[in-house]
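One structure is given here, and the rest of the page talks about it.
In this note's numbering, the protein residues as written are 4 to 276.
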């Protein structure tokens, strides 16, 4: 199976493209997803975001489910908060907490008003027999994974394509996230998702620079194109990812949007049984 932390990172980077609004009113949205591998449900993920003209707060929760939960029980949550400066998101704090079979991993990054990291907490410390070391000044001119999503979504809400590159540091790993626009496609109706219709296709590439595992899983090694599909599933709602596919030699990983809710309006569009 994909290494769970790598999968979670990809899902976070893929699934929280919640829209940024230019007015002063606070907006609150929650999007929920289910992830399948080889036809089996393996992961559930949810993202909530609070936005206004001054700043943002994003929270994500994920947990293994189904057959994967029998062999690899994992749950985690991540939070980022920041402000807008010249219409660009600037992180102020990022935290990530994960638990696997009772073992807890914690990361906290604090930033100054200009978006430079001033302190970090990483527990437990990295084991360099298992992961590659970080380069010197790994955090220089980087942003956290959730703030990346805010920056990227601004492009999509303006009607631009998803061609972009972001230097990312999450406290443990340094990598470059590159997205390539693949145009529009039509997603057909299926029993797993609330969405069908026209969606933009974005290819995701992660170039690992440091902090990643020395031993690469056979699933990740055989992964072909990683594609996310973004659209506006609710009229006058946000642009969000509505699907993801990763083809491997051992099966297809797929993710589907199963509900989206404007919590400020108490309205929900959800998967019907």
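The C-beta atom is built at its ideal place from N, Cα and C for all residues, glycine as well.
None of these values were measured; they are calculated from a predicted model.
Residue 277, DSSP secondary structure in three states: Because residue 277 is not part of the residues shown, which for the chain are 4 to 276, the question remains open.
Residues that DSSP places opposite residue 206 in a beta bridge: 183, 230
Check whether residue 216 and residue 134 have beta carbons under 7 Å apart: Against a cut-off of 7 Å, the Cβ pair of residue 134 and residue 216 comes out as a contact.
Spatial distance of residue 218 from residue 122 (CA atoms): 29 Å
N- and C-terminal bounds of the alpha helix (DSSP H) containing residue 152: 148-160
The segment 65-85 touching the segment 97-105, judged by at least three CB pairs closer than 8 Å: yes
Rounded C-alpha distance that separates residue 127 from residue 137: 15 Å
Reduced DSSP category for residue 101 - H, G, I as helix; E, B as strand; rest coil: strand
Minimum length 3: unbroken beta strand (DSSP E) runs contained in the segment 57-90: 58-67, 77-88
Expected contact under 8 Å - CB spacing of residue 205 and residue 189 to nearest Å: Between residue 189 and residue 205 the Cβ distance is about 16 Å, and since that is not below 8 Å, they are no contact.
Residue 108 - containing beta strand (DSSP E), residue span: Annotation: the continuous beta strand (DSSP E) that includes residue 108 extends over 106-114.
Beta-carbon contacts of residue 261 that lie in its chain and below 8 Å, excluding the five residues immediately before and after: 35, 36, 37, 195, 196, 197, 273, 274
Whole-angstrom distance between residue 209 and residue 178, CA atom to CA atom: 7 Å
Run of the beta strand (DSSP E) containing residue 123, from where it starts to where it stops: 120-126
Separation of residue 265 from residue 238, as counted between CA atoms: 12 Å
Which listed residue (166, 61, 43, 148) has its alpha carbon closest to that of residue 49: 61
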